[in-house]
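In our numbering, the protein residues as written are 51 to 389.
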Amino acid sequence: MSKITIAIDTLGGDNGAEPMIIGIKDALNIHNDVNVIVTGKEEELNPLVDRYNVPKDRIQIIHANEVITCHDAPVDAIRRKKDSSLVLALNLVKECKADAVISAGNSGAILAGGQFIVGRAKGVKRTPLAPLLPHSKGSSLLIDCGANVDAKPENLVQFAKMGSIYMENIVGVKNPTVGIINIGVEDEKGNALVKETIPMLRECKDINFIGSVESREIPNGVADVLVCEAFTGNVMLKFYEGVGSMFKNEIKGTLMTNIKTKIGALLIKKELNANLQRFSANDKGGAPLLGLKGLVVKIHGNSKDTEVSSAITQCRNFVINDVSGKIVDAFEGVKEDVQ
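Shown next, in the form of structure tokens:
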């Protein structure tokens with residue numbers, strides 16, 4: 051099998067390049083078939099590569115003179131900052147020099163760059179961001195969580211198809227169930243978008259649609275693919291992350307209450323940490339921007355090395371299973387007239 055090449059923007063995150071390099075080292079130790087190209091400040095990256103003994107025959111550094119910050123207007127930055135670490139990384143995919151891009155940078159710029167540089171696959175109307183949400187039985191794919199605040203019913207139907215392809219090929223779920231996030235389970239409930247989308251999803255033969263799902267059932271794994279527009283998805287994602295953080299802090303606080311609870315904490319520490327880790331974003335990778343001609347993955351701005359390593363594994367699995375190719379095949383022949 052030929053090597054998989056992943057481009058990584060090292061300037062976009064809040065924590066600098068160091069966790070990126072540590073994550074790269076860990077991922078390369080696991081996957082012998084992966085090489086990386088990092089874009090960023092050469093004078094910063096070279097010492098880190100040496101310090102962490104990253105194999106130099108498997109990492110290439112491309113110097114970037116510019117960086118797109120969180121204060122930049124996304125579309126303007128993509129067009130104007132041609133020598134930024136993000137634009138350089140995206141161009142590697144466009145030019146077929148890399149199979150995927152990972153960035154912790156400006157979300158809007160990543161979305162704009164994916165559209166304008168990598169490009170949408172033919173027939174895809176909108177490209178959604180799709181992170182995995184952990185739940186009691188495994189994970190569900192939330193699609194869309196940030197790319198399309200204003201979506202049409204036909205967009206949500208396409209999201210359902212793309213999400214099903216992802217869950218089947220990356221997570222290994224056969225005939226994944228699809229639910230649309232709603233304020234009730236009855237078809238007559240919801241806003242105009244949801245009401246118009248439901249019959250279209252029921253008529254779609256390519257997906258296993260189970261109807262509307264309420265947010266309170268999502269932590270119980272009510273559906274494998276959770277479809278919504280990005281406003282709902284982003285609120286859901288951030289609330290989910292906030293509750294998870296609060297839950298962990300409450301458990302830790304309770305276990306530190308007195309000497310008895312501290313002794314109990316020591317006895318269950320290993321098992322508790324393993325259980326809580328299942329609900330961490332760090333081992334889920336990032337949110338892929340689905341429906342492009344190549345793979346672009348957005349990770350948290352404050353990502354640590356574990357999330358970088360997981361995102362590399364995620365990209366590797368995506369490429370090996372040719373998810374982009376399967377999405378292209380699924381939308382072949384779809385007219386481009388609806389945006």
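We put the beta carbon where it would ideally sit given N, CA and C, even for glycine.
Excluding its 5 nearest sequence neighbours in each direction, N270 has C-beta neighbours in its own chain below 7 Å: H185, S186, listed in chain order.
Around the CB of G383, fewer than 16 other CB atoms lie within 10 Å, so the residue is classed as exposed. Taking the C-beta atoms as reference points, G163 is found nearer than 8 Å to L140. Here A180 really is in contact with L340; their C-beta atoms are around 5 Å apart, less than 8 Å. Counting of Cβ neighbours within 10 angstroms places N96 among the exposed residues, the total staying below 16. According to the DSSP secondary-structure assignment, P184 is paired through a beta bridge with S189.
In the structure shown, the three-state DSSP call for A242 is helix.
DSSP places V275 in no alpha helix (DSSP H) but in the uninterrupted beta strand (DSSP E) bounded by 275–277. Annotation: the continuous beta strand (DSSP E) that includes S262 extends over 258–263. Secondary structure of A197 (DSSP, three-state): coil. Scanning the stretch 278–358 from its first residue to its last, the whole beta strand (DSSP E) runs of 3-plus residues come out as 345–348. Counting along the chain, the unbroken alpha helix (DSSP H) around I128 starts and ends at 124–130. In this structure, the CA atom of I152 is about 7 Å from the CA atom of A361. For the pair K312 and K354, the Cα-to-Cα distance works out to about 28 Å. Within the same chain, Cβ atoms closer than 6 Å to the Cβ of K144 are found at I167, V168, the five residues on either side in sequence being excluded. Membership of A57 in the beta strand (DSSP E) is indicated by the continuous run 54–59.
Between M250 and the set F281, F209, E264, N219, the nearest pair of CA atoms involves F209. Setting aside the 5 residues that flank it on each side, K106 is surrounded in the same chain by V99, each with a C-beta closer than 8 Å to its C-beta; the list follows chain order. Per DSSP, the continuous alpha helix (DSSP H) segment holding I72 begins and ends at 68–80. Here the alpha carbons of I111 and N232 stand approximately 46 Å from one another. Inclusion of V86 and R108 in the CB contact set at 8 Å is warranted, their separation being smaller than that value.
Apart from the 5 residues on each side of it in sequence, V199 sits with its Cβ closer than 6 Å to the Cβ of A280, F281 in its chain, given in chain order.
Taking the Cα of V223 as reference, the smallest distance to any Cα among D83, V235, V275 is reached at V275.
Of the candidates G303, R170, I74, G62, I74 places its Cα closest to the Cα of E357. Per DSSP, N85 is one residue of the beta strand (DSSP E) stretching across 84–90.
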